[in-house]
């Protein structure tokens with residue numbers, strides 16, 4: 001048979017007897033935006049299958065650009081995204097999400113080594129892999145409302161992107177650049193590092209908010225916080241009017257708070 005339509009439940013049963021789905025050359029997951037439990041499981045399984053089967057092609061069809069779907073598939077380096085707008089225009093992003101291919105180390109570790117400590121802070125910033133994407137990131141945010149950045153630990157995305165945005169004027173109107181972290185130690189450490197790089201006192205232009213500790217003031221432009229803090233802010237300000245940009249960092253960890261935040265942001269951005 002050339003074409004075979006089936007429910008997602010049928011495909012899941014086929015996974016049990018044929019984990020590599022060898023009878024298929026192409027699989028199209030349609031209506032992925034409906035986010036059924038079966039669809040999410042299938043996407044997760046396909047991510048593993050395609051690492052073994054180089055010949056398998058996957059098409060994910062969705063009525064919306066769902067951040068959750070891209071996060072599930074984000075480990076696939078050869079991913080292409082096409083977005084068709086209602087007026088017939090097509091945006092073709094040939095690299096899928098913005099993927100930073102540079103690697104600081106061959107192996108993933110919990111410790112990020114900085115081989116440029118002997119250099120000045122500005123020289124260190126210029127040596128980070130993300131630096132060459134600076135203008136491209138700013139351009140994409142001027143053109144599109146949602147940007148997904150995928151980069152290895154240590155490439156500079158957590159410390160540099162907020163600074164690029166501040167330097168581009170995204171915090172010049174009194175609103176802030178918000179950056180969420182799943183853990184309080186990360187929020188505090190990153191805020192301290194960015195404040196050092198900006199040569200400002202922690203709590204002024206750059207600050208952080210974690211439970212029982214608020215190191216910001218009315219002039220703070222870059223605000224690091226735990227995802228729990230942002231969820232509490234949603235309750236008092238559902239449109240998050242104090243922010244011009246929100247960066248959800250470490251989204252691949254898929255914490256419950258992060259998933260809730262992404263769902264709420266999808267409604268806010270409408």
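In UniProt numbering, the protein residues as written are 1 to 270.
Here a beta-carbon is modelled for each residue, glycine too, at the ideal position from N, C-alpha and C.
* Asked: Which residue comes first and which comes last in the alpha helix (DSSP H) that contains residue 192?
  -> Segment 184–197, the alpha helix (DSSP H) holding residue 192.
* Who are residue 246's beta bridge partners in DSSP? -> Within the DSSP secondary-structure output, residue 246 pairs in a beta bridge with 178.
* Around the Cβ of residue 195, are there at least 16 other Cβ atoms within 10 angstroms (buried) or fewer (exposed)? -> The Cβ neighbour count for residue 195, taken over all protein chains shown within 10 Å, is at least 16; the residue is labelled buried.
* Asked: When every heavy atom of the ligand MN is checked, does at least one fall within less than 7 Å of the C-beta of residue 171?
  -> The ligand content of the structure shown is nil, which means the ligand MN is not present either.
* Check the DSSP bridge columns for residue 208 and list the partner residues they point to. => 215, 224, per the DSSP bridge assignment.
* **Buried versus exposed, by CB contacts within 10 Å (16 or more), residue 50** => Per the 10 Å Cβ criterion, buried.
* Asked: If we ignore side chains and look at the alpha-carbon of each, how far apart do residue 220 and residue 235 end up?
  -> Going from the Cα of residue 220 to the Cα of residue 235 covers about 21 Å.
* Straight-line CA distance for residue 22 to residue 33? -> C-alpha separation (whole angstroms): 26 Å.
* Since residue 31 contacts residue 121 with CB under 8 Å, what's their CB separation in whole angstroms? -> With 8 Å as the limit, residue 31 and residue 121 do not qualify as a contact, their Cβ atoms being about 49 Å apart.
* Would you say the region 208–226 touches the region 184–192, given that touching needs at least three Cβ pairs under 8 Å? -> Flag = yes, the region 208–226 and the region 184–192 touch.
* Asked: In whole angstroms, what is the alpha-carbon distance linking residue 99 and residue 16?
  -> Note that residue 99 has pLDDT 49, beneath the 50 cutoff, so the model's placement of it is unreliable and the number below is only indicative. Straight-line Cα distance between these residues: approximately 33 Å.
* Near residue 203, which residues of its chain fall below 7 Å by C-beta distance, leaving aside the five closest residues on each side in sequence? -> Counting only Cβ-Cβ distances below 7 Å, and skipping sequence neighbours, we find 215, 216, 217.
* Which of the three DSSP states, helix, strand or coil, is assigned to residue 42? -> Correct three-state label for residue 42: helix.
* When the distance is taken between beta carbons, is residue 249 closer than 8 Å to residue 159? -> The answer is no: Cβ separation not under 8 Å.
* residue 6 - DSSP class collapsed to helix/strand/coil -> Note: residue 6 maps to coil in three-state DSSP.
* **Contact belief for residue 231 with residue 261 at Cβ below 8 Å, rounded distance in angstroms** => With 8 Å as the limit, residue 231 and residue 261 qualify as a contact, their Cβ atoms being about 7 Å apart.
* Evaluate residue 28 with the Cβ neighbour count: other Cβ atoms within 10 Å of its Cβ, from every protein chain shown; 16 or more gives buried, anything less gives exposed. => By the Cβ neighbour-count rule, residue 28 is exposed, with fewer than 16 other Cβ atoms within 10 Å of its own.
* Going by the beta-carbon positions, is the gap between residue 164 and residue 146 smaller than 8 Å? -> Taking 8 Å as the cut-off, the beta carbon of residue 164 is found no closer than this to the beta carbon of residue 146.
* To do: Sort 182, 152, 141 by Cα distance to residue 162 and report the nearest one.
  => Closest by alpha carbon: 141.
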